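Anchor point for the first sequence: position 151 equals 152 in my numbering, and the numbering is continuous, going up by one each time. Even glycine gets a Cβ: it sits at the ideal position worked out from N, Cα and C. Owing to the predicted nature of the structure, the values given are computational and were not obtained by experimental measurement. Down below is the structure, laid out as structure tokens.
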Amino acid sequence: MDPRAPRAYPLSPASSPIEVSPVSKPVRVRFAPSPTGKLHIGGARTALFNWAYARRHGGQFLLRIEDTDPERSTKEFEVAILEGLHWLGIQWDEGPDIGGPCGPYRQSEKYPQYREVAAQLLASGHAYHCFCTTERLDALRAEQESRKERQVYDRLCAQLDSAQSARRVAAGEKAVIRFRVPPGETVCIDHIRGDVRFSHDEVDDWVMVRSDGSPTYNFCVVCDDVDMGITHVFRGEEHLVNTPKQVLLYQALGKPMPEFGHLPLMLGTDGKKLSKRTGDTALQDYRDKGFPREAVVNFLCLQGWALDGTSVLFSVEQLVQHFDIKDVQKAGAIFDPEKFRWMAGEYLRKESLETLAAHCAPFVVAAGLCSADELARRSAWFLEVVKTEQARISIYSELPARIAYLFQPDSAVVWVDEAVVAVKKHAAAVQTLRDYRAWLEGRVSGGVDAAALRDAAKAWAQERGLKLPAFFQPVRLALCGVVNGADMFDVMALLGGPAVLARLDAAAQRLGA
RNA sequence: GGUCCCAUCGUCUAGCUCGGCCUAGGACACCAGGUUUUCAUCCUGGCGACAGGGGUUCAAAUCCCCUUGGGAUCACCA
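Printed below as a string of structure tokens:
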């Protein structure tokens, strides 16, 4: 199969047909993470943009694993990254797990190919063996540093006779292979920044193949992008300075060049490249904290891109319909956890009770409040629980702490100090609880009707000349042990008559003692 | 330090490509009201930015230059 051949995809709903822009060749983009850690949110955004671009232009999106660093790459991270991408809702058309016509999609499985290309470059004179030791290189750098000069390889080995070098290597001498950067300058086409110009004086004779024979990043990327027919390379801005090295390699290889786009960096609150220091950087952390998936996608895409000037909330379908690389912002974006949390809440509030309950359940179980079985048995009840809290939480993991009172023994509801202090201000609190309990007894025997009870109870309190807080604060303490929360009568419905009465009794006693 | 990139409210952004519709729009946060038994949600209003300086032009947030500020990168990591 021709990897450049267009393929049909089930795109977004038929109600919104996607307009395919006229491009000269079918778009093929890729996301190429290195499995040296969990999926970074910056990487997630890069993947999302690439994916959206492919979908928007009727092209293909591939996944490639860049595991040429054996020290730090692990299978576990690779799996985690794939999971993360799946969770975001991104599907790839070719990749290490599903294969494809341009495989392998894992760089560690392509060493023979790289060796071949390296040999070719050596033969054509575009690359040369370098026998310089790490010690010499370190000394060279130290010297350049002390003279405040640019730190580059001095090309000592560039003059060596290639035949002679080949013999030394054959004899077992350790050597790296460096790319021979010609004089001149290179212009890189960048769809976000415009053309970027680099003088070759600034480009080092970089190492393509290490002394142990393993290929380096800049070398593999180009080989793979060529092999895979990649037409557009959209990646983080930190790669911008690598681009001339890669462009030169395409030229040396005589291969068609992809177009580039360097995405603005996602920055921490300190204005620097987002790192663990300034907050959670792994996509998984946000999933584990219970951020709605759609909110994560929406928020990440809003870092550097906007649907229009006014819509903050948009769907994946809208992203795919409207995304274009030229609309991506040039300046870095500071990641704002507050806004992220707000957006999570927006999505959480839009979920149906069933969906929200399903999303929250694992967190409730994990918090040890009750078993998954029990939750399943009381699903109708749990739906009501979720209903009372939907407007009060922003992420799923916030639910357990808020509903813990429901699972506490009636005689030992956990009371927070603040609530107790507030109640003690009402001299008649204990009496109020006793009277209310007596009044309530006959009214909850057949189940709790929150609406009816609400009106009746307010009237009752008013008749007795009780200010509302003097009534509600003691009751809330008795039932929930906290100062604020869901509607008092909704809570009673959740608790059920017997538990309500038991808690009122217990509270009167605890307060009276 | 060299090279490269960037620059609109505190933050995310619209506007910049093709100067006039901009007394610069939206959102988060913040502040003040309203609704409510509390909290949250929700509603209304407010605060708040074109980094500075030069040009070009009848007209500049938008084009050009300089300055300043911030960032990225300088490995046998990716």
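Whose CA, out of the options, lies closest to the CA of residue i?
i: Arg-181; options: Ala-171, Gly-195, Val-153, Arg-455; result: Val-153
i: Leu-407; options: Arg-236, Met-493, Glu-110, Thr-279; result: Met-493
i: Gln-391; options: Gln-285, Thr-356, Ala-164; result: Thr-356
i: Leu-496; options: Asp-506, Cys-481, Gln-510; result: Cys-481
i: Ile-326; options: Leu-502, Tyr-54, Ala-48; result: Tyr-54
i: Ile-178; options: Arg-148, Trp-207, Leu-157; result: Trp-207
i: Arg-57; options: Asp-139, Gly-90, Gln-319, Gln-510; result: Gln-319
i: Gln-165; options: Cys-131, Arg-455, Leu-454, Val-386; result: Cys-131
i: Leu-49; options: Arg-29, Tyr-129, Asp-162, Cys-302; result: Cys-302
i: Pro-71; options: Pro-216, Phe-220, Ala-451; result: Pro-216
i: Pro-470; options: Ala-452, Trp-440, His-427; result: His-427
i: Gly-498; options: Ala-451, Asp-456, Phe-220; result: Ala-451
i: Arg-350; options: Pro-105, Val-415, Thr-389; result: Thr-389
i: Gly-333; options: His-360, Leu-354, Leu-266; result: Leu-266
i: Asp-205; options: Val-223, Asp-213, Ala-159, Ala-345; result: Ala-159
i: Thr-232; options: Arg-29, Gly-369, Lys-468; result: Arg-29
i: Gly-230; options: Cys-133, Arg-137, Asn-51, Met-258; result: Met-258
i: Asn-51; options: Ile-91, Leu-241, Ala-381; result: Ile-91
When you compare only the Cα positions, how much space is there between residue i and residue j?
i: Ala-508; j: Arg-435; result: 9 Å
i: Val-1; j: Thr-135; result: The chain is shown only over 2 to 514; residue 1 falls outside these bounds and no answer can be derived.
i: Ser-125; j: Arg-211; result: 19 Å
i: Thr-75; j: Gln-304; result: 29 Å
i: Leu-250; j: Trp-343; result: 46 Å
i: Tyr-437; j: Pro-410; result: 21 Å
i: Leu-376; j: Ile-190; result: 57 Å
i: Asp-289; j: Asp-155; result: 49 Å
i: Ser-398; j: Ala-362; result: 9 Å
i: Ala-479; j: Arg-379; result: 24 Å
i: Gly-237; j: Arg-142; result: 28 Å
i: Glu-150; j: Glu-203; result: 12 Å
i: Tyr-186; j: Asp-225; result: The sequence as given places Glu at residue 186; Tyr does not occur at that position. Each residue's alpha carbon lies about 24 Å from the other.
i: Leu-284; j: Ile-193; result: 25 Å
i: Gly-100; j: Gly-291; result: 32 Å
i: Val-501; j: Glu-419; result: 21 Å
i: Phe-472; j: Leu-505; result: 12 Å
i: Gly-195; j: Leu-268; result: 22 Å
i: Ser-446; j: Ala-503; result: 13 Å
i: Val-248; j: Ala-176; result: 24 Å
i: Ser-109; j: Glu-67; result: 8 Å
i: Lys-246; j: Arg-393; result: 52 Å
i: Lys-111; j: Arg-198; result: 32 Å
i: Val-421; j: Arg-278; result: 39 Å
i: Val-329; j: Ala-253; result: 31 Å
i: His-360; j: Glu-352; result: 10 Å
i: Met-209; j: Leu-314; result: 44 Å
CB-CB under 7 Å to residue i, same chain, minus the five flanking residues each way: which ones, in chain order?
i: Pro-183; result: His-201
i: Thr-282; result: His-41, Ile-42, Leu-275, Ser-276
i: Gly-44; result: Pro-34
i: Gly-513; result: Val-431
i: Tyr-348; result: Pro-293, Glu-295, Ala-296
i: Phe-383; result: Ala-358, Leu-376
i: Gly-310; result: none
i: Asp-491; result: Thr-389, Ala-451
i: Glu-442; result: Leu-502
i: Arg-368; result: The displayed chain sequence assigns Ala, not Arg, to residue 368. Excluding residues within five positions, the ones whose Cβ falls inside 7 Å are Pro-401.
Below 6 Å CB to CB, which residues in the same chain sit around residue i once its five sequence neighbours on both sides are set aside?
i: Gly-272; result: none
i: Gln-145; result: Gln-152
i: Ala-373; result: Val-366
i: Ala-307; result: none
i: Gln-510; result: none
i: Glu-95; result: Leu-63, Gly-101
i: Pro-105; result: Lys-111
i: Asp-228; result: Cys-103
i: Ile-396; result: Lys-290, Gly-291, Phe-292, Ala-345
Residues in the same chain with beta-carbon distance under 8 Å from residue i, minus the five sequence neighbours each way, listed in chain order, please.
i: Gly-280; result: Gly-269, Thr-270, Phe-336, Pro-338
i: Thr-47; result: Phe-32, Phe-235, Arg-236, Gly-237, Leu-264
i: Phe-78; result: Pro-36, Thr-37, Gly-38, Lys-39
Practice item. Could you tell me whether the stretch 399–413 touches the stretch 476–490, where touching means 3 or more Cβ pairs closer than 8 Å? Key: Yes, they touch.
Practice item. Give a yes or no on contact between the stretch 168–177 and the stretch 112–120, applying the rule of three or more CB pairs nearer than 8 Å. Key: Segments in contact, no.
Check your understanding: At which residue ranges does the stretch 451–490 contain complete alpha helix (DSSP H) runs of 4 or more residues, listed in the order of the chain?
Key -> DSSP assignment within the stretch 451–490 yields the following whole alpha helix (DSSP H) runs of 4 residues or more, N-terminal first: 451–464, 469–480.
Review point. Does the count of Cβ pairs from the stretch 74–94 and the stretch 27–42 closer than 8 Å reach three?
Key: With the cut-off at 8 Å, the stretch 74–94 and the stretch 27–42 touch.
Practice item. Enumerate, from N- to C-terminal direction, the unbroken alpha helix (DSSP H) stretches of 4 or more residues contained entirely within the stretch 18–77. Key: The qualifying runs are 42–57.
Review point. What are the complete alpha helix (DSSP H) segments, minimum 4 residues, inside the stretch 371–414?
Key: Segments of the alpha helix (DSSP H) lying fully in the stretch 371–414: 373–378, 380–390, 400–404.
Point to revise | Whole runs of the beta strand (DSSP E) within the stretch 131–211, excluding any shorter than 3 residues | key: Segments of the beta strand (DSSP E) lying fully in the stretch 131–211: 177–180, 186–189, 197–200, 208–210.
Check your understanding: Counting only runs that start and end within the stretch 297–365, where is the alpha helix (DSSP H) found for 4 or more residues in a row?
Key -> Complete alpha helix (DSSP H) runs here, min 4: 317–323, 338–351.
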